[in-house]
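Enquirer:
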Amino acid sequence: MILMQVNNLTKQYGAELILSNIKIEVQSNERIGIVGRNGAGKSTLLKIIAGQLSYDEGMIHRPKDVTIGYLAQDTGLESNQSIWQEMLDVFRHLLEQEKELRNMEQMMGDSSLIENEKAYQQLLSSYDQKQQEFKTRGGYQYEADIKAVLNGLHFADYDLDTSINELSGGQKTRLALGKLLLSKPDILILDEPTNHLDIETLSWLENYLNNYKGAVVIVSHDRYFLDKTINIVYEISRNRSTKFHGNYSKYLEQKAANYERDVKQYEKQKAEIKRLEDFVQKNIVRASTTKRAQSRRKQLEKMDMMDRPDGDEASAKFSFDITRRSGNDVLKIKDLAFQYDDGERPIFANLSFNVSRQDSIALVGPNGVGKTTLLKTIIGDLKTSAGTIQYGTNVQIGYYDQEQTRINSKKKVLSELWDDYPTMNEKDIRTVLGNFLFTGDDVLKPVSALSGGEKARLALAKLMMEKTNFLILDEPTNHLDLDSKEVLEAALIDFPGTILFVSHDRYFINKIASQIIEMQPDSSKVYLGDYDYYVEKKQEEQELRELNEQQHKQASPVVSDAKLTFEQEKELKNEQRRKERRIAEIEQEIEQLEVAVEQNEKQLCEPEVFQDHEKSLELTEQNEKNNQLLESLMEEWEQLHDD
Numbered sequence: 001m002i003l004m005q006v007n008n009l010t011k012q013y014g015a016e017l018i019l020s021n022i023k024i025e026v027q028s029n030e031r032i033g034i035v036g037r038n039g040a041g042k043s044t045l046l047k048i049i050a051g052q053l054s055y056d057e058g059m060i061h062r063p064k065d066v067t068i069g070y071l072a073q074d075t076g077l078e079s080n081q082s083i084w085q086e087m088l089d090v091f092r093h094l095l096e097q098e099k100e101l102r103n104m105e106q107m108m109g110d111s112s113l114i115e116n117e118k119a120y121q122q123l124l125s126s127y128d129q130k131q132q133e134f135k136t137r138g139g140y141q142y143e144a145d146i147k148a149v150l151n152g153l154h155f156a157d158y159d160l161d162t163s164i165n166e167l168s169g170g171q172k173t174r175l176a177l178g179k180l181l182l183s184k185p186d187i188l189i190l191d192e193p194t195n196h197l198d199i200e201t202l203s204w205l206e207n208y209l210n211n212y213k214g215a216v217v218i219v220s221h222d223r224y225f226l227d228k229t230i231n232i233v234y235e236i237s238r239n240r241s242t243k244f245h246g247n248y249s250k251y252l253e254q255k256a257a258n259y260e261r262d263v264k265q266y267e268k269q270k271a272e273i274k275r276l277e278d279f280v281q282k283n284i285v286r287a288s289t290t291k292r293a294q295s296r297r298k299q300l301e302k303m304d305m306m307d308r309p310d311g312d313e314a315s316a317k318f319s320f321d322i323t324r325r326s327g328n329d330v331l332k333i334k335d336l337a338f339q340y341d342d343g344e345r346p347i348f349a350n351l352s353f354n355v356s357r358q359d360s361i362a363l364v365g366p367n368g369v370g371k372t373t374l375l376k377t378i379i380g381d382l383k384t385s386a387g388t389i390q391y392g393t394n395v396q397i398g399y400y401d402q403e404q405t406r407i408n409s410k411k412k413v414l415s416e417l418w419d420d421y422p423t424m425n426e427k428d429i430r431t432v433l434g435n436f437l438f439t440g441d442d443v444l445k446p447v448s449a450l451s452g453g454e455k456a457r458l459a460l461a462k463l464m465m466e467k468t469n470f471l472i473l474d475e476p477t478n479h480l481d482l483d484s485k486e487v488l489e490a491a492l493i494d495f496p497g498t499i500l501f502v503s504h505d506r507y508f509i510n511k512i513a514s515q516i517i518e519m520q521p522d523s524s525k526v527y528l529g530d531y532d533y534y535v536e537k538k539q540e541e542q543e544l545r546e547l548n549e550q551q552h553k554q555a556s557p558v559v560s561d562a563k564l565t566f567e568q569e570k571e572l573k574n575e576q577r578r579k580e581r582r583i584a585e586i587e588q589e590i591e592q593l594e595v596a597v598e599q600n601e602k603q604l605c606e607p608e609v610f611q612d613h614e615k616s617l618e619l620t621e622q623n624e625k626n627n628q629l630l631e632s633l634m635e636e637w638e639q640l641h642d643d
């Protein structure tokens, strides 16, 4: 069922065109991601389809009974009510129905009504009908729904009678998200819903959205989140929209393949035009060939000329280098603790780990565990309460602050960089800024007028200029659009020094981290791998804990038999995980082979290919091999499912 259609939508702010001829369709249960550069108009589009903003041209069609829920970026819940009462407001219609049912129950106990059999039967019938309606609309589970959402958004340990006015901005944002999720609209529209969520809460939200019964439209810079939740992508670029099927990773593959195809078609047409023009020029004046030349000229005039395909929009270009190499031991932390005031509970304690040259380490842990505080103690902004921090030989620290407090908002962009390197030529400073997309008069803007993404790029430009060998980064991908994140990743992957960073961007962690350090309030643990490895090991640890608990409950007097049972169960669990991983690998291989077979068959239908016997034979042989491999993989897949 189509819930909404957007046709030829156009939006301008004054003379500036923001969106042009946008086409979007939202169907039941679809999971749509809207992607594009910062400033492309994504948030504007969400406000328009949510009915929060007008548009200049086009049409939006939505059936009257289709409901919409919209969450803007960093929207905090402002209310004098308690957490619980605010969530209950979503179910006000059920509370009124419940009150009506209680009144009807009291009426049933009225002896005078009981004596009037006809009236009593009518009351019973009405009560049964209203009770069934109450049940169907969730009347017996709304309190459980509220608790489930609040627990998922990390309010399980809060006093739910707490006034919302007493909460932080991030907590108010999470509650606004929770209230919207509980309202369960037909179309759920979320603008950057992952802001202020830690990794555990992100995983919960992914699972919640995957099981959501309505349609979901999301704008997010969290690529891991998009990969887990969406199945359709609309890219907003150069004011227009383009539709892609699949998650974010599939979108990148399709976009690259489409561009390569369009370039080949353009070059092929260009060569054909050149051939026809040369023929016309050489043969138009000859009596014997002039008719053929005129025919070719008409062919040229009727030809639908292709424009050169648009490549990617301008991207930042930078790399991190070092002036000198550090020693092998970069940082040693032993039994570190921090607390703001004596007598208060420490933010963290008993923290110990080592950092070696060329390590790339991600710090993860729940919000409030002190990840940013730890980074500030390492760079010396905060004083530790206990433990030691030992720096290695020739270690030079470069720090990226997520709040960008080290940028002077009173300066102009050019001065912010040039004042640190006064001996450099203005041209060279402008070149550096140009690589971070500050061109022309942009460099004369005051820093205070920059957007969050622009400030982030300026901070990265300053960090690049320092050429330090130990980068300490606090949420470096915040405020960056998807393209800028990829450029940053490429620069950090090629960095010859050492990296210690905090990030909630799981895609970024996967790309950059060679180790994960999980912080807890009173401990830390090192995992030698990327984020996916860390999740897998955490799952194994959880399974082992559950097995241990089960073993403890079912312990028998014969210890050796109990141990054997534990080992057997552990092996069964491991075997099941191996089987599931192999099934996922086979499904991916089958999908790739089916795409290859389809592409080869399309090529075989092209005249220039099937007339080329060698090329046709080569493609046919490839398809025979691919089909044989497909058959073999399908047999293995079926066998694994049957076991």
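Numbering (full-length UniProt numbering), first residue to last: 1 to 643.
Using N, Cα and C, we set each Cβ at its ideal position, and we do this for glycine too.
1) Taking just the CA atoms, how far does PHE320 sit from ALA491?
2) Measure the beta-carbon distance from SER360 to ILE499 and round it to whole angstroms, keeping in mind my assumption that it falls under 8 Å.
3) What three-state label does DSSP hand THR338 in the structure shown?
4) Would GLY387 and LYS334 be called neighbours here (beta carbons separated by less than 7 Å)?
5) Could you tell me the boundaries of the alpha helix (DSSP H) in which LEU300 lies?
6) Tell whether a beta-carbon distance below 7 Å holds between SER524 and ILE516.
7) If you drop the 5 nearest sequence neighbours on each side, which residues of the same chain put their C-beta closer than 6 Å to that of GLY398?
8) Run the CB neighbour count on TYR507, radius 10 Å, all protein chains shown included, and call it buried at 16 or more, exposed below.
9) Along the chain, where does the beta strand (DSSP E) that runs through TYR399 open and close?
10) How big is the Cα-Cα spacing for ASP198 and MET87?
11) Just list the beta strand (DSSP E) runs in the segment 468-529, keeping only unbroken ones of 3 residues or longer that don't cross its boundaries, in chain order.
12) Mind the definition here: the segment 392-408 touches the segment 229-246 only if three or more C-beta pairs lie below 8 Å; say whether that holds.
13) For ARG37 and ASP483, which I take to be in contact (beta-carbon distance under 8 Å), what is that distance rounded to the nearest angstrom?
14) Hey, ARG308 and SER20 are a contact pair by Cβ (cut 8 Å); roughly how many whole angstroms apart?
15) Output the distance between the C-alpha atoms of ALA256 and MET306, rounded to the nearest integer angstrom.
16) Do you know offhand how far ALA584's Cα is from ASN8's?
17) Have a look at SER112, LEU160 and HIS61 and flag the residue whose alpha-carbon is nearest the alpha-carbon of GLN81.
18) Given that a residue counts as buried once 16 or more other Cβ atoms are within 10 Å of its Cβ, and exposed if not, what is VAL559?
19) Sorted by chain position, which residues of the same chain lie with C-beta nearer than 7 Å to VAL355's C-beta, five sequence neighbours on each side aside?
20) Using DSSP with H/G/I as helix, E/B as strand and the rest coil, what is MET4?
21) Around the Cβ of SER112, are there at least 16 other Cβ atoms within 10 angstroms (buried) or fewer (exposed)?
22) In the DSSP assignment, what residue or residues form a beta bridge with ASN354?
23) For MET4, count neighbouring C-beta atoms within 10 Å of its own C-beta (all shown protein chains included) and say buried if the count is 16 or more, exposed if not.
24) For a test of the three-state rule: what should DSSP assign to LEU123, helix, strand or coil?
25) Quick one: what's got a C-beta closer than 8 Å to TYR234's C-beta in the same chain, skipping five residues either side?
26) If I measure Cβ to Cβ from SER385 and keep anything under 7 Å in the same chain, skipping five residues before and after, which residues do I get?
27) How many whole angstroms separate the CB atoms of LEU46 and ASP191, which I take to be in contact at a CB cut-off of 8 Å?
28) Going by DSSP in three states, ILE230 sits in which element: helix, strand or coil?
29) Can you find the residues in the same chain that come closer than 8 Å, C-beta to C-beta, to HIS154, ignoring five residues on each side of it along the sequence?
30) Using only alpha-carbon positions, find the residue among ILE429, ALA459 and GLY392 that is nearest to SER409.
31) Out of curiosity, what's the CA-to-CA distance linking GLN599 and ILE2?
32) Taking a contact to mean a Cβ-Cβ separation below 7 Å, would you say ASN626 touches LEU593 in this structure?
33) Ordered along the chain, which non-local residues of its own chain (more than five positions away) have a Cβ less than 6 Å from that of TYR70?
34) Does residue 706 come out as helix, strand or coil in the three-state DSSP assignment?
35) Please list the segments of the beta strand (DSSP E) lying wholly inside the segment 240-281, counting only runs of 3 or more residues, in order along the chain.
36) So is ARG102 buried or exposed if we call it buried at 16+ other beta carbons inside 10 Å?
Expert: Taking the definition as stated:
1) 6 Å
2) 4 Å
3) Residue identity check: residue 338 is Phe in the sequence provided, not Thr. Note: PHE338 maps to strand in three-state DSSP.
4) yes
5) 290-302
6) no
7) LEU463, GLU466, THR468 and LEU471
8) buried
9) According to the DSSP assignment, TYR399 belongs to the beta strand (DSSP E) that extends over 397-400.
10) 22 Å
11) Every unbroken stretch of the beta strand (DSSP E) spanning 3 or more residues and falling wholly within the segment 468-529 is given here in chain order: 470-474, 498-502, 515-520 and 523-527.
12) no
13) 6 Å
14) The pair is not a contact, with the Cβ atoms about 19 Å apart (cut-off 8 Å).
15) Near 19 Å, if we compare the C-alpha coordinates of MET306 and ALA256.
16) 40 Å
17) Put simply, of SER112, LEU160 and HIS61 the residue whose alpha carbon is nearest the alpha carbon of GLN81 is LEU160.
18) Since pLDDT at VAL559 reaches only 45, below the 50 mark, its modelled position is unreliable, and the value read off the structure follows with that caveat. By the beta-carbon neighbour count (other beta carbons within 10 angstroms, threshold 16), VAL559 is exposed.
19) The beta carbon of VAL355 sits closer than 7 Å to the beta carbons of VAL330, LEU331, ILE361, THR498 and LEU500 from its chain, once the five residues preceding and following it are set aside; these are given in chain order.
20) Collapsing the DSSP output to three states places MET4 in a strand.
21) exposed
22) Under DSSP, the beta-bridge partners assigned to ASN354 are LYS332.
23) buried
24) Helix at LEU123.
25) ILE24, ILE32, GLY33, ILE34, VAL35, SER241, THR242, LYS243 and PHE244
26) ALA337, PHE338, GLN339 and PRO346
27) 5 Å
28) ILE230 falls in the coil class under three-state DSSP.
29) ARG174, ASP198, GLU200, THR201, PRO366 and ASN367
30) Comparing Cα-Cα distances from SER409 to each of ILE429, ALA459 and GLY392, the minimum goes to ALA459.
31) 31 Å
32) yes
33) ALA50 and ILE189
34) Because the chain is modelled from 1 through 643, residue 706 falls outside the range shown and cannot be assessed.
35) Runs found: 240-245.
36) exposed
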